[in-house]
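To convert, note that position 92 of the sequence shown is 509 in this note's numbering; the numbers rise steadily by one, no gaps. Cβ atoms here follow ideal geometry from the backbone N, Cα and C, with glycine treated the same way. All of these numbers come straight from a predicted model, not from anything done at the bench.
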Amino acid sequence: FLRFHLACMEHTFSLCNAAVMPGWACLVAAPRWKHTRKVVFGGVCVNAVCYIAMFASTTSEMSFSSLGSLQGIRELFQRADAPLHMAAWLHYLAFDLLVGLLEAEDAVKNGV
C-alpha cells in the first residue's frame with residue numbers, strides 16, 4: 418500500500434482542484450470547441466489517477482455493507498483517515514465534471 422505524508426496530500430488536493438478548472442472553463446466559455454471534451458477528460462484523468470492512489474493508501478477498514486445505508490456512510494467517514502476523505506473528494510470532482518460535460522453536450526445537441 419502507498420502512504421502519503423499530509424503535506425503531499427495538500428499538494429495533491431491543490432493539483433486536483435486546479436486540474437478540473439480548465440474543463441469547467443471550457444464547458445462555460447466554449448462548449449462547442451472541438452477540444453473541450455479532451456480538456457475535460459484531462460482533468461478527470463488527473464483526478465482518477467490520484468483517486469486510485471488515495472484509495473489504495475487508505476488504512477480505514479471498509480465494508481461494502483456500510484455503503485448500503487446513510488448511517489453506514491456516516492460511520493465510514495467518521496472513522497476514515499485522510500486518504501479516504503481525499504478519495505471521496507476526488508471522486509466528486511471527477512464525477513461532477515463528467516456530468517457537466519454530458520449536460521453541455523446535450524445542450525449543444527439540442528440547440529440550447
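Item                                                                                                                                                                    : Value
Report the three-state DSSP secondary structure of residue 502 (helix, strand or coil).                                                                                 : helix
Measuring straight from C-alpha to C-alpha, what distance separates residue 435 and residue 491?                                                                        : 28 Å
Can you check the segment 443-514 for any alpha helix (DSSP H) of at least 4 residues that lies completely inside it and give the ranges in chain order?                : 453-474 and 487-496
Put residue 525 into one of helix, strand or coil per three-state DSSP.                                                                                                 : helix
Output needed for residue 525: all residues of its chain with C-beta closer than 6 Å, excluding positions within five of it in sequence on either side, in chain order. : 448 and 449
Buried or exposed for residue 460, going by 16 or more other Cβ atoms inside 10 Å?                                                                                      : buried
Can you tell me the Cβ-Cβ gap for residue 503 and residue 426, rounded? I've got them flagged as a contact below 8 Å.                                                   : 6 Å
Using CA atoms only, rank isn't needed, just tell me which of 467, 455 and 523 is closest to residue 509.                                                               : 467
In angstroms, rounded to a whole number, what distance separates the CA positions of residue 454 and residue 469?                                                       : 22 Å
Taking the alpha-carbon positions, what's the residue 471 to residue 520 distance?                                                                                      : 28 Å
So, residue 443 versus residue 464, is the Cβ gap smaller than 8 Å?                                                                                                     : no
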